[in-house]
Amino acid sequence: MVIEADHFKLVNDRYGHATGDAVLRTLVATSATVLRATDLFARLGGEEFGVILPDTGAEGAMGLGERLLTAMRETVTEHDGYKLRFTVSIGVAMLEPDDTSLEALLHHADLALYKAKAEGRDRLGLIARP
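Residue numbers (this note's numbering): 549 to 678.
Listed below in structure tokens is the structure:
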């Protein structure tokens, strides 16, 4: 999975970078309440995070993604007198036999993320692969 905070630049521009950082901390803390101990969560850069879900099929990944979306919608970030809600978009990719590296898998998840964003954000994107 690749997870990105929706419209994050607007948060930074309107409320400042310290509030943006608080949103990112909330994203991480909220993810920790949904992800399993065996899942690997890491910041890829900016407002983008990657998640590796070992031994998880498509149905399990999509279910976990939906739980992440719901948890983010229900969470409030409080910082510097502001109370903010935010959403995320998530791209999901499954490891396929032709994936030769983690980079290839993340590329497919990133393509799925762009699909989720193009379809309106606050959703999961999945690109069917042969």
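Here a beta-carbon is modelled for each residue, glycine too, at the ideal position from N, C-alpha and C. The structure presented is a predicted model; accordingly, all values stated were derived computationally and were not measured.
Apart from the five residues just before and just after T591, which ones in its own chain have a Cβ nearer than 7 Å to its Cβ? One detail in the question is off: residue 591 reads as Arg in this sequence, not Thr. Cβ neighbours of R591 beyond the five flanking positions: F597.
Measuring CB atoms only, is the region 578–593 touching the region 618–629, in the sense that at least three cross pairs come out at less than 8 Å? yes
Own chain residues within Cβ distance below 8 Å of A566, not counting five before or after: H627, D628
Alpha helix (DSSP H) segment containing R621, residue limits: 606–622
If you reduce the DSSP assignment to three classes, tell me which class L601 lands in. coil
When the Cα atoms are used, what is the spatial distance from I675 to H656? 8 Å
Using a Cβ-Cβ cut-off of 7 Å (strictly less than) and excluding sequence neighbours within five positions of A660, which residues of its own chain qualify? Around A660: G639, V640, A641, G673, L674, I675.
Could you please give the first and the last residue of the uninterrupted alpha helix (DSSP H) stretch that includes S579? 565–582
Let me make sure I understand the geometry here. Which of L558, D658, K663 has the alpha-carbon closest to that of M549? Closest option to M549, Cα to Cα, is D658.
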